[in-house]
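Student: Protein chains in written order, with the numbering used here: chain A, 74 to 265; chain B, 19 to 391; chain C, 766 to 1304. The beta-carbon is built from N, C-alpha and C at its ideal position, and this holds for glycine as well. Note that this is a predicted model, so its numbers are computed, not measured.
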Amino acid sequence: MAEQQGKPDNTRIVRRLLLTVVGMFAFGFALVPLYDVFCDITGFNGRFTDGQAAANTKTVDTSRTVNVQFITRVNKGMPWGFEPEVNSVRVHPGETKVVNFLANNPTGGNMIAQAIPSVAPGEASLYLNKVECFCFNQQPLAAGAKTAMPMQFYLDPEIPDDIHTVTLSYTMYDMTENATPDALAAIAQPVN
Amino acid sequence: MSIRLITALTAMFPIAAQAQSQFNLTQGVTEISQRVYDLHMTIFYICCVIGVIVFGAMFWSMIRHRKSNGRKPATFHESVKVEILWTIIPFLILIGMAIPATSTLIAMEDSSESDVTVLVTGSQWKWHYKYFDSNVEYFSLLATQRDQIENKLEKGENYLLEVDRPLVIPTDRKVRFLITSDDVIHSWWVPDFAVKKDANPGFINEAWTKVDQPGIYRGQCAELCGKDHGFMPVVVIAKEPAEYDKWLAAQEEIQRKAKEEEQRLLAMSMDMTELMDLGEQVYLGSCAACHQANGEGIPGVFPALKGSPMALNDMEGHIDIVVNGKSGTSMQAFGNQLSLRELAAVITYERNAWGNDTGETVQASDVNAYMNE
Amino acid sequence: MSTVVGEMDQHDDHHHHAPSGVTRWLFTTNHKDIGSMYLWFSFIMFLVGGSMAMVIRAELFQPGLQLVDPHFFNQMTTVHGLIMVFGAVMPAFTGLANWMIPMMIGAPDMALPRMNNWSFWILPFAFAILLASLFMEGGGPAFGWTFYAPLSTTYSSDSTALFVFSVHIMGISSIMGAINVIVTIMNMRAPGMTYMKMPLFVWSWFITAFLLIAVMPVLAGAVTMVLTDKYFGTSFFDAAGGGDPVMFQHIFWFFGHPEVYIMILPSFGIVSAIIPAFARKPLFGYASMVYATAAIAGLSFLVWAHHMFTTGMPVFAELFFMYCTMLISVPTGVKVFNWVATMWRGSITFETPMLFSLAFVILFTIGGFSGLMLAITPVDFQYHDTYFVVAHFHYVLVSGAIFSIMAAAYFWLPKWTGHMYDEGLAKLHFWASLISVNVLFFPMHFAGLAGMPRRIPDYSIQFADINQIVSIGGFAFGLSQLIFLWVVIKCVKGGEKAPAKPWEGAEGLEWTVPSPAPYHTFDTPPDTSKTPPEAQDHG
Chain A
74 MAEQQGKPDN TRIVRRLLLT VVGMFAFGFA LVPLYDVFCD ITGFNGRFTD GQAAANTKTV
134 DTSRTVNVQF ITRVNKGMPW GFEPEVNSVR VHPGETKVVN FLANNPTGGN MIAQAIPSVA
194 PGEASLYLNK VECFCFNQQP LAAGAKTAMP MQFYLDPEIP DDIHTVTLSY TMYDMTENAT
254 PDALAAIAQP VN
Chain B
19 MSIRLITALT AMFPIAAQAQ SQFNLTQGVT EISQRVYDLH MTIFYICCVI GVIVFGAMFW
79 SMIRHRKSNG RKPATFHESV KVEILWTIIP FLILIGMAIP ATSTLIAMED SSESDVTVLV
139 TGSQWKWHYK YFDSNVEYFS LLATQRDQIE NKLEKGENYL LEVDRPLVIP TDRKVRFLIT
199 SDDVIHSWWV PDFAVKKDAN PGFINEAWTK VDQPGIYRGQ CAELCGKDHG FMPVVVIAKE
259 PAEYDKWLAA QEEIQRKAKE EEQRLLAMSM DMTELMDLGE QVYLGSCAAC HQANGEGIPG
319 VFPALKGSPM ALNDMEGHID IVVNGKSGTS MQAFGNQLSL RELAAVITYE RNAWGNDTGE
379 TVQASDVNAY MNE
Chain C
766 MSTVVGEMDQ HDDHHHHAPS GVTRWLFTTN HKDIGSMYLW FSFIMFLVGG SMAMVIRAEL
826 FQPGLQLVDP HFFNQMTTVH GLIMVFGAVM PAFTGLANWM IPMMIGAPDM ALPRMNNWSF
886 WILPFAFAIL LASLFMEGGG PAFGWTFYAP LSTTYSSDST ALFVFSVHIM GISSIMGAIN
946 VIVTIMNMRA PGMTYMKMPL FVWSWFITAF LLIAVMPVLA GAVTMVLTDK YFGTSFFDAA
1006 GGGDPVMFQH IFWFFGHPEV YIMILPSFGI VSAIIPAFAR KPLFGYASMV YATAAIAGLS
1066 FLVWAHHMFT TGMPVFAELF FMYCTMLISV PTGVKVFNWV ATMWRGSITF ETPMLFSLAF
1126 VILFTIGGFS GLMLAITPVD FQYHDTYFVV AHFHYVLVSG AIFSIMAAAY FWLPKWTGHM
1186 YDEGLAKLHF WASLISVNVL FFPMHFAGLA GMPRRIPDYS IQFADINQIV SIGGFAFGLS
1246 QLIFLWVVIK CVKGGEKAPA KPWEGAEGLE WTVPSPAPYH TFDTPPDTSK TPPEAQDHG
């Protein structure tokens, strides 16, 4: 009925609309990387791509200090001990500091873990630069072993004046299940 | 639109101005919560005025311009002038609203240095508080008796708004809350502070308050977090700074003693009856919300313990799951929530209750050995 | 002023009657049949979702746990929301679109009649799956209709797969319906029916359809991610794998806020048809109504994060979303002012469609006021996730969207059935609904302000009185809808014969065909160039 009567370009409109539908479905997924980029730029949710930063080349701003606090958490189902050596450090913006994080694996099996960072206030994540961090990679730890993991960082001297405290939190997640048995077996007991 | 003007305006409306009305937003006990309240009332009154004008015109025309009054319809149907007018006027009103809203919002984000930092962690369905710069940490659970919820006992004054161990903070000090979660999203809310912040698993959020008056302030989890979402209240006690310091020192002492006591008790074995009695208590407090008092769980959601292979045969697995929890499920790590004795008792209870009669006991020393193996 | 095109309508010449029996309904490609099925389906879903609301209100009648356990309570709130949004309001609008759009623009049918049949017939399956999930081990979805991760992923029961599947089907159905509406409006308008002469109901649906095309696929993406996170080891929303649960909320509300307007824009169209009819005066500011609708639709893509102020956002983002949200009240205000101006110096009568439309304007505006209050970020921290929000969106969706659907049903029932409905019973339905809906939702504002969170099965004793009143209002509102069922059945079965144009002031092509509308209308397109629907040039 209607098909014969309708103007002939029905299919063209339908095709365009269907393309829009497919495009919007893809857009839904494209929001995932877009969101990451957005978070990197704005410090949304205290999230940032945990990339390695170059060493500081700007002058250290000794006129003020910022309190950097460390929080460690272990995801449930994970028996590791995981603590910062110090709770907090006071740094001048631009000054590079190293803080050790202590981890131990009390179980009878080799394990692999990944630490996921988060920063509060979110805005501060834009100015927190890590030159070296255990969180860049997964951390293997042999049965019963202990380790000290270093994190070297500095705050960008351009960090806004109204940020006095920066809290860096790490949550340790168990990644052992995703690892191959060979990789697990290859984890060596630390020498110390 | 000064605050003073608003307060004066507020005073003219006796019902709304009545302090801490049962039907209105709380004015709270912080400068911010007062500002939020004033903002709320301002916007409310503006809406009322607009409402009176719009609905007034509408009712006027409903009463006067009816056919039964013999009205002949007019024929006008457009006027660019009028359209522009009622686009611009609301826009100006909005700007008037946006100015105080913006300044309040910016005041809320004040990031000056805080005096006390508390790490608030939500989990299904309890809060955990940890004082930064101190060893004091504890869980805060609903204290309302099950029998009150099930209507077997009369409900108390603070029904569902009472916890076993409230958070304690000092007055007149800036307290910073770092908020996160162990499992699903929760939301930590104390209306009197005008603080509501989501607890997102894996991420930390920040909020702060500065309380003016000592007192007990009650709130609730505000984000749907599963079955017992309605049963995880927040209770905060604000104490004078001196009293707060005393309290914190006492807590440190208590926690240190408890650890010593725990080590001392390691050597002592408890007999089956003792273990079962304590175990039942702990079970009802910490486990029954999911696994149910009869141990049968909720099929498809929370596994049954009654007749479960783990409770019957696998003691090491049983200790492991209670102590460390299980990732990807609601099963929490109770290793840091319960004492060694309580852990031993509850595991023993689960292995012997509801016809699980394994006859095996688990002692605090067994749990301790497992945790430090 | 009325149009007289109907006289030359040739529908009777080759009028063949509708086939009878089950196959008529199964295989029908007739827009009127499909429209009727949509409307009946949505009414059944309205009753199913409504009975879940009754369970919720019965449990909340008193403090303490009486009838259901908290897990089942959460399933009720979740499925109530899903059914009302996707099963009651949206199909009702699609049903109205099917019935009215071809008749309003002088088209013989929808442009894609076979797809039309499909888009309806997959719906019952979607909801059968959703309802069946309630009987699974572990129960149905219990994470709220917003299904925030990780409650809906790691921590949900296995019925989540069914939930995802059923949402996919609902989405496909809506998208097909929207495509059909767009193609019909673009290609099937009668000669002389230019865009700026289309009735506002058609305009508002045209814009709604584009919103549907834009956001339903995003919802499909969100549920797909939930599915793969739960069953296939991805971690879009899991911090352990580099994901973020807050991202779920961004994706969901990117769909969710336009979705809210999908459920209200057609209402604007309905009310814009009814108020002029009973004020006997042309709609004030037709063009500005069109622009306002388009503006609301456009702004709806810029405000999603106002649902998430408490998730922790930088101040600039909070300010941006607050300003954009406040801005929406400008075009919405224009609409309300236009309706009032339409009534101004009219010659008003108060038949049931008009009563529901007037109630719509007032109660929707109240919902708009609370929406404006919710937009103010600092205060939203206090309102968020409390009964204040519940009150707000029920004012907008029940006394807004649902009331407009009731108004539409009464307005066009004579056209659909050929009989006048029982005005006395209908007025009883209106007054019972109006009073009970306010008893039901108005006190919720107070509960929310006093601090009662939403989605809780039990509450502290200070909220006991308010909840008791609310529950009584709820039961009364539920019962009142049975009067509506009675009126409709009575009207379908018989009643006073309806003329082609039962409402003195009504305008539009649908009133030029006899009542009931013949099975096929406008096989020969009417010439509308001489008599545009509002009988006025809109410039």
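#1: Hey, C/Trp-864 and C/Gly-800 are a contact pair by Cβ (cut 8 Å); roughly how many whole angstroms apart?
#2: In terms of DSSP beta bridges, what is A/Val-147 paired with?
#3: For chain A, check one thing: does any of its Cβ atoms lie closer than 8 Å to the Cβ of B/Glu-131?
#4: Which one of B/Gln-350, B/Gln-45 and B/Ala-329 has the shortest CA to CA distance from B/Ile-365?
#5: Could you tell me the alpha carbon to alpha carbon distance between C/Leu-1067 and C/Thr-973, rounded to whole angstroms?
#6: In the DSSP assignment, find the unbroken alpha helix (DSSP H) run with C/Ile-940 in it and report its ends.
#7: At a CB-CB cut-off below 9 Å, which residues of chain C make contact with B/Asp-128?
#8: May I ask you to list the residues that DSSP assigns as paired with C/Ser-1305?
#9: Which residue or residues does DSSP assign as beta-bridge partners of A/Met-184?
#10: Using only the alpha-carbon positions, how far apart do C/Pro-956 and C/Thr-949 sit?
#11: Answer yes or no: do C/His-1210 and C/Ser-1112 have a C-beta to C-beta separation smaller than 8 Å?
#12: According to the Cβ coordinates, are C/Trp-1251 and C/Lys-1266 closer than 8 Å?
#13: From the DSSP secondary-structure annotation, give me the bridge partner or partners of B/Phe-204.
#14: Determine which residues of the stretch 58-85 of chain B have a Cβ less than 8 Å from any Cβ of chain C, and write them out in chain order.
#15: So with CB distances below 8 Å, who are the chain C contacts of A/Val-87?
#16: So is C/Leu-1048 in contact with chain B if we call contact Cβ pairs under 8 Å?
#17: Under 9 Å, CB to CB, which of the residues in the stretch 167-200 of chain A have a partner in chain C?
#18: On a CA-only basis, which of C/Val-1161, C/Pro-1143 and C/Phe-1206 is nearest B/Val-213? Give me that one, please.
#19: Establish whether the CB of B/Ala-37 and some CB of chain C are separated by less than 8 Å.
#20: Could you tell me whether any Cβ in chain C is nearer than 8 Å to the Cβ of A/Tyr-243?
#21: If you run the structure through DSSP and keep just helix, strand and coil, what is B/Trp-226?
#22: Going along chain A, which residues have a C-beta under 8 Å from C/His-1015?
#23: Could you tell me which chain A residues have their CB closer than 8 Å to the CB of B/Ile-222, listed as they occur along the chain?
#24: At what residues does the beta strand (DSSP E) containing A/Met-222 begin and finish?
#25: Checking contacts by CB at 8 Å: is A/Asp-82 closer than that to chain C?
#26: Using 8 Å as the threshold, is the C-beta distance between B/Gly-346 and C/Thr-989 below it?
#27: Could you give the residue range of the alpha helix (DSSP H) that holds B/Ile-107?
#28: To the nearest angstrom, how far is the alpha carbon of C/Thr-859 from that of C/His-1157?
#29: If you follow the beta strand (DSSP E) that B/Ile-197 is part of, which residue opens it and which one closes it?
#30: Quickly, what does DSSP pair A/Gln-142 with across the bridge? List them, please.
#31: Beta-carbon of B/Lys-228 versus every beta-carbon of chain C: anything under 8 Å?
#32: Return no unless some Cβ of chain B is closer than 8 Å to the Cβ of A/Asp-247.
#33: For a cutoff of 8 Å on Cβ pairs, would you count B/Asn-342 as touching chain A?
#34: Hey, could you find the ends of the beta strand (DSSP E) B/His-146 is sitting in?
#35: At the level of alpha carbons, what is the spacing between B/Ala-351 and B/Ser-199?
#36: Mapping DSSP to helix, strand and coil, what is B/Ser-158?
Tutor: According to the structure data:
#1: At roughly 3 Å, the Cβ-Cβ gap stays under 8 Å, so C/Trp-864 and C/Gly-800 are in contact.
#2: Answer by DSSP bridge pairing, in chain order: A/Met-245.
#3: B/Glu-131 belongs to the set of residues whose beta carbon lies under 8 Å from a beta carbon in chain A.
#4: Nearest option by C-alpha distance: B/Ala-329.
#5: Inter-residue distance for C/Leu-1067 and C/Thr-973 is about 16 Å (C-alpha atoms, whole angstroms).
#6: 925-952 is the extent of the alpha helix (DSSP H) around C/Ile-940.
#7: Those within 9 Å of B/Asp-128 in chain C number zero; the least Cβ separation is about 11 Å.
#8: The first residue shown for chain C is 766 and the last is 1304, placing residue 1305 of chain C beyond what the model contains.
#9: Bridge partners of A/Met-184: A/Leu-214.
#10: Each residue's alpha carbon lies about 14 Å from the other.
#11: For the pair C/His-1210 and C/Ser-1112, the CB atoms are not nearer than the 8 Å cut-off.
#12: Remark: C-beta atoms of C/Trp-1251 and C/Lys-1266 do not approach each other more closely than 8 Å.
#13: At residue 204 of chain B the sequence reads His, which differs from the Phe that was named. Looking at the DSSP output, B/His-204 bridges to B/Ala-217.
#14: So the close ones are His-58, Ile-61, Phe-62, Cys-65, Ile-68, Gly-69, Val-72, Phe-73, Ala-75, Met-76, Ser-79, Met-80, His-83, Arg-84 and Lys-85.
#15: Chain C residues near A/Val-87: Leu-877, Ile-944 and Val-948.
#16: So, interface residue.
#17: When C-beta distances to chain C are compared with 9 Å, the residues of the stretch 167-200 of chain A below that value are Gln-187, Ile-189, Ser-191, Ala-193, Pro-194, Gly-195 and Glu-196, in chain order.
#18: Nearest neighbour of B/Val-213 by Cα position, chosen from C/Val-1161, C/Pro-1143 and C/Phe-1206, turns out to be C/Pro-1143.
#19: Interpretation of B/Ala-37 is limited by its pLDDT of 48, a score under 50 that renders its predicted location unreliable; no figure is taken from the coordinates.
#20: At a cut-off of 8 Å between beta carbons, A/Tyr-243 makes no contact with chain C.
#21: The answer is strand: DSSP assigns B/Trp-226 an E or B state.
#22: Within chain A, the residues near C/His-1015 are Leu-104 and Tyr-108.
#23: Within 8 Å of the CB of B/Ile-222, the CB atoms of chain A belong to Gly-119, Ile-144, Ser-191, Val-192, Ala-193, Thr-240 and Ser-242, in sequence order along the chain.
#24: That run of the beta strand (DSSP E) goes 219-228.
#25: So, interface residue.
#26: With respect to C/Thr-989, B/Gly-346 sits apart: the two C-beta atoms are not nearer than 8 Å.
#27: From DSSP, the alpha helix (DSSP H) with B/Ile-107 extends over 98-126.
#28: Rounded to the nearest angstrom, the two C-alpha atoms are 24 Å apart.
#29: Unbroken beta strand (DSSP E) run through B/Ile-197: 193-199.
#30: Looking at the DSSP assignment, A/Gln-142 forms a beta bridge with A/Ser-161 and A/Thr-240.
#31: By this cut-off, B/Lys-228 is not an interface position.
#32: Yes, because at least one Cβ of chain B sits closer than 8 Å to the Cβ of A/Asp-247.
#33: Yes, contact with chain A.
#34: Going by DSSP, B/His-146 is part of the beta strand (DSSP E) stretching over 144-149.
#35: Taking C-alpha positions only, B/Ala-351 is separated from B/Ser-199 by approximately 13 Å.
#36: Reduced to three states, the DSSP call for B/Ser-158 is strand.
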